[in-house]
């Protein structure tokens, strides 16, 4: 072989953190012939590419200056190692030296992290030999360069992402020149400005697969003209079509084999125009608002393998013609309004492996369904979901015939003991099944084979044994909301999601937390909240470094926060509320810079609120310090928390003024902004793990799935003084504002009516004076208002909202007009001069000179308290001054 033979075709693959150089078109090249080497220019090009890449796991160590690039070929074992590399994605930039690889045909840069700071490099459009280009989830940002239209040899083009719309495009004319293109994925690309979608794609007559999910498409013209008969796969899921009907353009593609129209808000009956698309093997109409019965013509789709109609409003019954779907592998009718009986003919669909009929109203005994499926279906059925179905009868031993089940979700009332005979079962879901029973010990011994175990929201009792071994990495165990008691079990290090909350578990946490200290834990979510656990929180957190969510709230823990919690650098959510934890907030928590939620309310924490919270935790969305013993000023550094949606500092011993920089809370100022993101995905579904207990409208309320919609500011029951800063009125997204039970003075800000989202406003038990601003009548969502026990005067402004409130909202003032029974006179309209002495809620006179001087005393004391031997002593001195001037502590 000629030693000058050029490298004619290199495959570069940076898939999930891998960089792979594969073989040439000549089968003898790099095949062990020692005299053959890749030429110098190509070696240099690859080395320059390596130089500009950030390689956190040193995957390119073999790429050396004096090396033979034929030996840089990765083993075929890489596919088995994908998960190991997934956490070490490449970053940096793509070097233009790629252009020196003149004959490159395959380039895969997917699943990397190029920083979301740079667009797709335009020079990629000059690599005209490319037949395959994959940039899915590569971390590029901005407009897609039209130069990609020069790649006329492309067969495969993937510019998709994860639905975040980091990439966008103004038009798709450049696609028209890609005459060889067969597969195109633009999922997650913003196409909201594109108006020529169907015309351009029709010109690419070779196109067989088209994915346009999560693209913000709101309109496709209703023209039915379609030039392309080659399209076999079309995905338009998760868009926002302005028309509630499926665009006619879709129905023109009669040769489609796969059609995904899920999550688009389509309404009305399932369109009859689909009936001619009889070649379909995969049809997904889920997560829409179709409200007809299942049309009879759909049962004639004999080639249909996957049918997904879940989460609609489908009514009526299932026809016995369902037995005609002889090719069906999966049928999902979950969460509709179907009723009647499941036809026996379903048992004739011998190919079926997945039956998901949960959350409907089947009017029959469960044994009828199991009996009909026991003919040929039981041999191959792998997934059976029948929970929330109102089925009568009991779980019978007939299910023991389904030996190949791997996922099972059923209703109670008894624990199905026959599960113990299922050798292949790896996913069990029996949540909300109303089971009142003990779990058989034989079932617990099977737990090592499960990668998904959900027994939550039942009435199961007994003790949870140790689960020292789980075969699957990233396994999920949810046994929450039951009646299990006894100590915490020891759990395998492979479990990544563990929820044991809302049980009766008791005792120390140490044997659970410190189990197998030398093993790195896979745990990402740990929820032990709402139990009876006690003692100190053991200092054994260093091997739990993958934790994202930690919930130890609503127990009886004592002592202080252990220092090793500071080693949880990935932690995003910390819940320690409703315990008896004391001490100060340790500076070690500064290391947890990714925290989005801190809830340590209802404990015994003391000291000042540290300023580093505002300096080191810029991602904070929820900060709840309610009902502790924090003392001192509110640090102005908290105003750096621009993503903050919930701030609760109530029921502490804070004094001084409210910082005027509260207008920096931009997330509270926004009506639509949502910063709280789902952190975990288990088995393809987002997990409901975030919750908070908040005081809204005077009541403690639990928020979970709707937590991301809440915006509240609560500084009540402290010793705050001075005026309400007018800057607070810029927080137009705020729904609840509570400054009650302080010693605030001055007037209510005149433009408080700008806070248009307010549903609850409590300024009671202060020393506010003046009139109620007329702009308050603009608060049309206000359902709770409490201005009682102040020194307000004058007429209550007229509005339907204010006059509909109870008179208790205004008592303890000198107000008149509805809803109060006191009528207004001419003198009542006079403005308050603020010169008179007022009385507090107990009837005592308050000298406003001394009240206004109280903050000055506090500031002075802070400068000369060197003689105080403890913070508690300083606190007592300050509070005694307030008491001596008529202010209750």
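In mature numbering (1 follows the signal peptide of the UniProt record, and there is no 0), the protein residues as written are -30 to -1, 1 to 859.
Glycine is no exception: its CB is placed at the ideal position from the N, C-alpha and C atoms.
### Message
With the cut-off set at 8 Å, would you say residue 464 and residue 443 are in Cβ contact?
### Response
Position 494 of the chain shown, counting from 1, holds the residue named residue 464. Position 473 of the chain shown, counting from 1, holds the residue named residue 443. Going by beta carbons, residue 464 and residue 443 fall inside the 8 Å limit.
### Task
Evaluate residue 563 with the Cβ neighbour count: other Cβ atoms within 10 Å of its Cβ, from every protein chain shown; 16 or more gives buried, anything less gives exposed.
One-based indexing of the chain shown puts residue 563 at position 593. Within a 10 Å sphere around the beta-carbon of residue 563 sit fewer than 16 other beta-carbons, which makes this residue exposed.
### Query
Are the Cβ atoms of residue 432 and residue 408 separated by less than 8 Å?
Here residue 432 is taken as the residue at index 462 of the chain shown, counted from 1. Here residue 408 is taken as the residue at index 438 of the chain shown, counted from 1. Yes, Cβ-Cβ distance for residue 432 and residue 408 is below 8 Å.
### Task
Measure the beta-carbon distance from residue 201 to residue 223 and round it to whole angstroms, keeping in mind my assumption that it falls under 8 Å.
To locate residue 201, count along the chain shown from 1; it is residue 231. To locate residue 223, count along the chain shown from 1; it is residue 253. Contact holds; Cβ gap of about 5 Å.
### Query
Where does the unbroken beta strand (DSSP E) through residue 682 begin, and where does it stop?
By one-based count along the chain shown, residue 682 stands at place 712. Residue 682 -> beta strand (DSSP E) spans 682 to 684.
### Query
Taking the DSSP output, what are the residues bridged to residue 205?
In the chain shown, the residue the question calls residue 205 occupies position 235. Answer by DSSP bridge pairing, in chain order: 181 and 230.
#### Entry: Closest Cα partner of residue 290 within the set 207, 376, 264 and 283
Taking the first residue of the chain shown as position 1, residue 290 is located at position 320. Nearest option by C-alpha distance: 264.
### Task
Answer with buried or exposed for residue 349, where buried requires no fewer than 16 other C-beta atoms within 10 angstroms of its C-beta.
Translated into the one-based positions of the chain shown, residue 349 becomes position 379. Per the 10 Å Cβ criterion, exposed.
### Message
Between the alpha carbons of residue 860 and residue 684, how many angstroms are there, rounded?
### Response
Absent from the structure is residue 860, since the part of the chain shown begins at -30 and ends at 859.
### Query
alpha helix (DSSP H) containing residue 12: first to last residue?
Stepping through the chain shown from its first residue, residue 12 is reached at position 42. Per DSSP, residue 12 is one residue of the alpha helix (DSSP H) stretching across 10 to 21.
### Query
Over what stretch of residues does the alpha helix (DSSP H) that includes residue 221 continue unbroken?
On the chain shown, position 251 is the one that residue 221 refers to. 218 to 221 is the span of the alpha helix (DSSP H), which, as asked, contains residue 221.
### Query
Can you give the Cα-Cα distance for residue 122 and residue 422, rounded to whole angstroms?
As a position in the chain shown, residue 122 is number 152, starting the count at 1. As a position in the chain shown, residue 422 is number 452, starting the count at 1. Taking the straight line from one Cα to the other gives about 46 Å.
### Message
One question on the structure: do residue 516 and residue 492 come within less than 8 Å of each other, judged by their Cβ atoms?
### Response
Residue numbering aside, residue 516 sits at position 546 when the chain shown is read from its first letter. Residue numbering aside, residue 492 sits at position 522 when the chain shown is read from its first letter. Taking C-beta atoms as the reference points, residue 516 and residue 492 count as a pair closer than 8 Å.
#### Entry: Sub-8 Å separation of residue 18 and residue 65 beta-carbons
As a working mapping, residue 18 is identified with position 48 in the chain shown. As a working mapping, residue 65 is identified with position 95 in the chain shown. Taking a C-beta distance under 8 Å as the contact criterion, residue 18 and residue 65 qualify as a contact pair.
### Query
On the three-state DSSP scale, how would you describe residue 514?
If you number the chain shown from 1, residue 514 lands on position 544. Reduced to three states, the DSSP call for residue 514 is coil.
### Message
Going by beta-carbon coordinates alone, are residue 233 and residue 260 separated by less than 8 Å?
### Response
Start at 1 with the first residue of the chain shown, and residue 233 comes out as number 263. Start at 1 with the first residue of the chain shown, and residue 260 comes out as number 290. The criterion of a C-beta distance shorter than 8 Å is not satisfied by residue 233 and residue 260.
### Query
Helix, strand or coil: which one does DSSP assign to residue 67?
Within the chain shown, numbered from 1, the residue matching residue 67 stands at position 97. For residue 67, the three-state secondary structure derived from DSSP is helix.
### Task
List the endpoints of the continuous alpha helix (DSSP H) containing residue 867.
Since the first residue shown for the chain is -30 and the last is 859, residue 867 is missing from the structure and cannot be characterised.
### Query
CB-CB under 7 Å to residue 132, same chain, minus the five flanking residues each way: which ones, in chain order?
For the purposes of this step, residue 132 is taken as the residue at position 162 of the chain shown. Closer than 7 Å at the Cβ level, and outside the excluded window around residue 132, lie 107 and 158.
### Task
Kindly indicate which residue of 508, 211 and 178 has the alpha-carbon position closest to the one of residue 184.
Taking the first residue of the chain shown as position 1, residue 184 is located at position 214. Closest option to residue 184, Cα to Cα, is 211.
### Message
Using a Cβ-Cβ cutoff of less than 6 Å, which residues in the same chain neighbour residue 603 once the five nearest sequence positions on both sides are dropped?
### Response
Here the question's residue 603 lines up with position 633 in the chain shown. Non-local beta-carbon contacts of residue 603 in its own chain, meaning distances under 6 Å to residues more than five positions away in sequence, involve 626 in chain order.
### Message
Distance check for residue 418 and residue 279, CA to CA, integer angstroms please.
### Response
Here residue 279 refers to the residue found at position 309 of the chain shown. Here residue 418 refers to the residue found at position 448 of the chain shown. Going from the Cα of residue 279 to the Cα of residue 418 covers about 34 Å.
### Query
Taking the C-alpha atoms as reference points, what is the distance between residue 537 and residue 509?
Within the chain shown, the letter at position 567 stands for residue 537. Within the chain shown, the letter at position 539 stands for residue 509. A straight line joining the alpha-carbon of residue 537 with that of residue 509 spans about 11 Å.
### Query
In or out: residue 502 buried (at least 16 other Cβ within 10 Å) or exposed?
Counting from one through the chain shown, the residue named residue 502 turns up at place 532. So residue 502 counts as exposed.
#### Entry: Environment of residue 587 [buried if 16+ CB atoms lie within 10 Å]
Residue mapping note: residue 587 aligns to position 617 of the chain shown, counting from 1. So residue 587 counts as buried.
### Task
Just confirm the distance between the C-beta atoms of residue 304 and residue 342, as a whole number of angstroms; I'd bet it's less than 8 Å.
In the chain shown, residue 304 corresponds to position 334, counting from 1. In the chain shown, residue 342 corresponds to position 372, counting from 1. Not quite, the Cβ-Cβ distance comes to about 19 Å (not below 8 Å), so this is no contact.
### Query
Assuming residue 109 and residue 137 make a contact with CB atoms under 8 Å, what is their CB distance in whole Å?
Residue numbering aside, residue 109 sits at position 139 when the chain shown is read from its first letter. Residue numbering aside, residue 137 sits at position 167 when the chain shown is read from its first letter. With a Cβ gap of about 10 Å, residue 109 and residue 137 do not count as contacting.
### Query
If you draw a straight line from the C-alpha of residue 199 to the C-alpha of residue 79, how long is it?
Here residue 199 corresponds to residue number 229 of the chain shown, with the count starting at 1. Here residue 79 corresponds to residue number 109 of the chain shown, with the count starting at 1. For residue 199 and residue 79, the distance between alpha carbons rounds to 31 Å.
### Query
Which parts of the region 434 to 470 are runs of the beta strand (DSSP E), unbroken and 3 residues or longer, counting only runs that do not cross its ends?
445 to 448, 453 to 456 and 465 to 469, all fully within the region 434 to 470.
### Task
Tell whether a beta-carbon distance below 8 Å holds between residue 560 and residue 576.
Walking along the chain shown from the start, residue 560 turns up at place 590. Walking along the chain shown from the start, residue 576 turns up at place 606. In this structure, residue 576 does not lie closer than 8 Å to residue 560 by Cβ.
### Query
Candidates 580, 405, 310 and 592: which alpha carbon is nearest residue 384's?
Locating residue 384 in the chain shown gives position 414, counting from the first residue. Just measuring C-alpha positions, the residue of 580, 405, 310 and 592 sitting nearest residue 384 is 405.
### Message
For residue 258, list the residues DSSP reports as bridge partners.
### Response
Looking up residue 258 in the chain shown gives position 288. Paired residues: none, contrary to the question.
### Task
Determine which residues share a DSSP beta bridge with residue 379 and list them.
If you number the chain shown from 1, residue 379 lands on position 409. DSSP lists 355 and 399 as the bridge partner or partners of residue 379.
### Task
Can you check the region 689 to 772 for any beta strand (DSSP E) of at least 3 residues that lies completely inside it and give the ranges in chain order?
Segments of the beta strand (DSSP E) lying fully in the region 689 to 772: 689 to 693, 706 to 708, 713 to 715, 730 to 732, 754 to 756 and 761 to 765.
### Query
Helix, strand or coil for residue 521 per DSSP?
Position 551 of the chain shown, counted from the start, is the residue given in the question as residue 521. Three-state result, residue 521: strand.
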